[in-house]
Amino acid sequence: MFIGLDLGTSGLKALLIDDAQRILGEATAPLSVSRPQEGWSEQAPADWIAAAEAVFDGLAGAHDLGGVAGIGLSGQMHGATLLDASDQVLRPAILWNDTRAHAEAAEMDADPVWRQVTGNIVFPGFTAPKLVWVQRNEPGVFDRVAKVLLPKDYLRLWLTGDHVAEMSDAAGTSWLDTGARDWSHDLLARTGLSRDHMPRLVEGSAVSGLLRGALATRWGLPANVVVAGGGGDNAASAIGAGVVTAGQAFVSLGTSGVLFAANDGYQPDAATAVHTFCHALPDTWHQMGVILAATDALNWYAGLLGSDAGALTGALGALQAPGKTRFLPYLGGERTPLNDAAVRGAFIGLEHSTDRAAATRAVLEGVTFAIRDCRDALAATGTQISTLLALGGGSRSDYWLRAIATALGTTVDVPVAGDFGGAFGAARLGMMAATGGGAELATAPEIARSIEPDTSLGQAFDDGHARYRAAQSAIRGLT
């Protein structure tokens, strides 16, 4: 058997699978976020350990874990967990959605070397600018930093006693030479750090260490259980969904939206605000376009109407050509391709004929066109998408998926019901590390149905996207 642990922002999930990758059991434990000042977002690493103990208690209480051979890790990216020379936590972890280091990130990104080496914009949520903020604002803490770990890698330290990171998560720090898959001495030095402050690097499917004997005994696991490198949350989800080779992609319609494509080469273009990171498998990279409000925008709109999002989309019927009413889904800024934290959303082109259904269609179209912007940004780097899997809560809306298929001119595959998230991908990575397996273990899920583009509406959606881009340009100085 194999265990996947996914350390999210709101909770930790554990999944137990057998050697046929059937899910045998799961356990979850909630986590909370502390926001002591505006723009701050923190968690206590001790809470991660308590959550891990709770999910192991849950699994061990329901299953004999004597057959477990490997454990894989997935987790929220970019967080800064600061340890002293005795591995004691120096301050609460600064999370991915913490924006206090926006000024430091802007300063760093203005120096071309950061984009040249990492292949990415230095975003405020990334790890390196947070350390510069700590250096400037908490010098007493910074002077005591002996190791900087990402959240899931602090969990690994507890599991194995080893300081180890893997490529996909490390690529989101702004310290990794993403093409070379190694820490950059130069970039570390520019933030007052060295390789000694960083964990050792392994590939996501490789062995990072062995489960400590005391923990194995506590929960009835055998000796010498391997712990895989694992992956950042999106890379691990891609392993779970079988998106591992060039041409494969998934669109995730969650609170935020992600268009994730696997690549067999390194082809960055930071100016597009596309994330170009290492994948969780050797010699593989991935690119992501990220929009900050997908189902978040639909749920906001449903709340405005005092209605239910599912009821609104379920009443739409057949796909229609985009109308005059346009919606820009920038409720909290936008990542790809705008990289604009200040831009805000808008309804444009409202008229007497804009009824409930027309406004609902406009919201879905706005998010759809934002995803098309991501597709166009990926295409500008040479990335091609031949298969597209739909994941996340928004994929329950057939109307939305028909709009996406038509706007992108790409068939959208909908998997059978199942868990294709980070915990499942992490369990697969644990299986790879324990068995020596690789990408062949990350098979694609069974497809329930495929949604083809409506070619009769293709030009109408092209025209609608052009109107969307015009509105996007018009509102950037207004909101």
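The opening position of the sequence shown corresponds to residue 421 in the numbering used here, with each subsequent residue numbered one higher.
The C-beta atom is built at its ideal place from N, Cα and C for all residues, glycine as well.
Which of helix, strand or coil DSSP assigns to residue i
| i | result |
| --- | --- |
| Asn719 | helix |
| Lys572 | helix |
| Asn644 | coil |
| Gln668 | strand |
| Ala693 | coil |
| Phe881 | helix |
| Asp874 | coil |
| Gly850 | helix |
| Ile541 | coil |
| Ala868 | strand |
| Ser893 | helix |
| Val552 | helix |
| Leu898 | coil |
Residues of its chain near residue i, where Cβ-Cβ distance is below 8 Å and the 5 sequence neighbours each way are ignored
| i | result |
| --- | --- |
| Gly428 | Leu451, Gly495, Gln496, Asp653 and Gly842 |
| Asp874 | Leu739, Arg822, Ala825 and Thr826 |
| Ala868 | Val834, Pro835, Val836 and Ala837 |
| Asp818 | Ile871 |
| Arg732 | In the sequence on display, residue 732 carries Leu and not Arg. Result list for Leu732: Leu718, Tyr721, Ala722, Leu725, Arg776 and Thr780, in chain order. |
| Val475 | Leu425, Leu432, Lys433, Ala434, Ala447, Thr448 and Ala449 |
In DSSP terms, what residue i is bridged to
| i | result |
| --- | --- |
| Ala525 | Ala525 pairs with nothing; no bridge assigned. |
| Trp705 | Asn683 and Cys698 |
| Glu446 | Leu435 |
| Leu425 | Ala434 and Leu493 |
| Ser454 | Glu462 |
| Leu630 | Val646 |
| Gly651 | Ser494 |
| Val663 | DSSP output for Val663 lists no bridge partner at all. |
Residues of its chain near residue i, where Cβ-Cβ distance is below 6 Å and the 5 sequence neighbours each way are ignored
| i | result |
| --- | --- |
| Lys433 | Asp426, Thr448 and Ala843 |
| Leu608 | Trp595 and Ser614 |
| Ser870 | Thr831 and Asp833 |
Residue closest to residue i, alpha-carbon to alpha-carbon, out of the options
| i | options | result |
| --- | --- | --- |
| Leu701 | Leu770, Glu860, Ala729 and Gly629 | Glu860 |
| Ala500 | Val568, Leu631 and Ser727 | Val568 |
| His772 | Arg781, Lys744 and Ala761 | Lys744 |
| Asp467 | Arg781, Gly709 and Ser430 | Ser430 |
| Val787 | Gly481, Asp716 and Ala513 | Asp716 |
| Asp484 | Ala636, Thr899, Leu679 and Pro749 | Ala636 |
| Ile791 | Val584, Ser893 and Ser672 | Ser672 |
| Arg620 | Asp602, Arg632 and Leu630 | Asp602 |
| Gly624 | Trp534, Phe546, Asp563 and Arg576 | Arg576 |
| Leu444 | Arg896, Gly856, Ala886 and Ala847 | Ala847 |
Own chain residues within Cβ distance below 7 Å of residue i, not counting five before or after
| i | result |
| --- | --- |
| Glu754 | Ile711, Leu712, Asp760 and Val763 |
| Pro865 | Ala661, Gly662, Pro835, Val836, Gly838 and Phe840 |
Can you check the segment 458-534 for any alpha helix (DSSP H) of at least 4 residues that lies completely inside it and give the ranges in chain order?
465-482 and 522-529
What are the uninterrupted segments assigned as beta strand (DSSP E) that are 3 or more residues long and contained completely in the segment 802-847, given in chain order?
807-811 and 832-835
Length at least 3, wholly inside the segment 711-798: the beta strand (DSSP E) runs in chain order:
746-748 and 766-768
Segments assigned alpha helix (DSSP H), at least 4 residues, entirely inside the segment 559-625:
559-562, 571-580, 587-590 and 605-610
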